[in-house]
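S.K.: With positions in the sequence shown counted from 1, the corresponding number in this note's numbering is that position plus 41.
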Amino acid sequence: IGQIPMAALVAVMIMVSIGTFSWDSIINLKKHPLSTNIVMIVTVAVVVATDNLSIGVLVGVLLASLFFANKVGRFMSISSSKDENSAHRTYKVVGQVFFASSDQFNQAFDFKEALEKVTIDLSAAHFWDITAVNALDTVVIKFRREGAQVDIIGMNEASATVVDKFGVHNKPEEADKLLSGH
Numbered sequence: 042i043g044q045i046p047m048a049a050l051v052a053v054m055i056m057v058s059i060g061t062f063s064w065d066s067i068i069n070l071k072k073h074p075l076s077t078n079i080v081m082i083v084t085v086a087v088v089v090a091t092d093n094l095s096i097g098v099l100v101g102v103l104l105a106s107l108f109f110a111n112k113v114g115r116f117m118s119i120s121s122s123k124d125e126n127s128a129h130r131t132y133k134v135v136g137q138v139f140f141a142s143s144d145q146f147n148q149a150f151d152f153k154e155a156l157e158k159v160t161i162d163l164s165a166a167h168f169w170d171i172t173a174v175n176a177l178d179t180v181v182i183k184f185r186r187e188g189a190q191v192d193i194i195g196m197n198e199a200s201a202t203v204v205d206k207f208g209v210h211n212k213p214e215e216a217d218k219l220l221s222g223h
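#1: Since Gln137 is in the beta strand (DSSP E), which residue starts that stretch and which ends it?
#2: Following the continuous alpha helix (DSSP H) through Lys183, name the residue where it begins and the one where it ends.
#3: If you draw a straight line from the C-alpha of Ala105 to the C-alpha of Arg115, how long is it?
#4: Have a look at the DSSP bridge pairing and note the partners of Gln190.
#5: According to DSSP, is His223 helix, strand or coil?
#6: Just confirm the distance between the C-beta atoms of Asn147 and Val180, as a whole number of angstroms; I'd bet it's less than 8 Å.
#7: Taking the beta carbon of Arg130 as the centre, do at least 16 other beta carbons fall within 10 Å, making it buried, or is it exposed?
#8: Going by DSSP in three states, Ser63 sits in which element: helix, strand or coil?
#9: What are the boundary residues of the alpha helix (DSSP H) that includes Lys206?
#10: Among Val57, Val88 and Phe108, which residue has its Cα nearest to the Cα of Leu99?
#11: Identify the continuous alpha helix (DSSP H) that holds Ser143 and give its terminal residues.
#12: The beta strand (DSSP E) with Ile119 in it runs from where to where?
#13: In the DSSP assignment, the alpha helix (DSSP H) including Leu70 goes from what residue to what residue?
#14: Compare the beta carbon distance of Phe168 and Val135 with 8 Å and say whether it is the shorter of the two.
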């Protein structure tokens, strides 16, 4: 390889780049989602600006991850039903609960409704991170402070592991710290 002139290697690299580039991606910019276009353009710009492919790819992957987290966070939903014979409301959580959807999770509960019992059904949900566990802790503690008995049902094993490790809603001394901000 040391015998091959540098000009020939450069020519080969340019031809490989031209041959492997997806030229349709430029033509179809208007057809692709905005987030995909932003990732592609930013990745190319970073590679050109830094002359370093690995930095460009890293920035592209991080940006794509953020867009993905934002998109997945929107697919969480919470519905509720109230037992007409008693002051019991059941909330059913569906979807992925993590840092991008934890605010939506907290806002879906009505803490001012006079309830004796609240059931949170997590059989169709998954808790991914500490922010999600913190959101669940906050909801449970707020309902308990309003005088409601809170039952959590249907939590899958992976979510239960994270909640058991980082959750404080069943630890009174830690629960007080959570709502007092310490």
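Beta carbons are placed, not taken as given, at the ideal position from N, Cα and C, and that holds for glycine.
M.R.: Answer, in terms of the structure:
#1: His129 to Val138
#2: Ile171 to Arg186
#3: 16 Å
#4: Lys158
#5: Unreliable placement is indicated for His223, whose pLDDT of 47 sits below 50; the coordinate value is still reported in the next sentence. In this structure, His223 counts as coil in the three-state DSSP scheme.
#6: 6 Å
#7: buried
#8: coil
#9: Glu198 to Phe207
#10: Val88
#11: Ser143 to Gln148
#12: Ser118 to Asp124
#13: Segment: none, Leu70 is in no alpha helix (DSSP H) and carries neither H nor E.
#14: no
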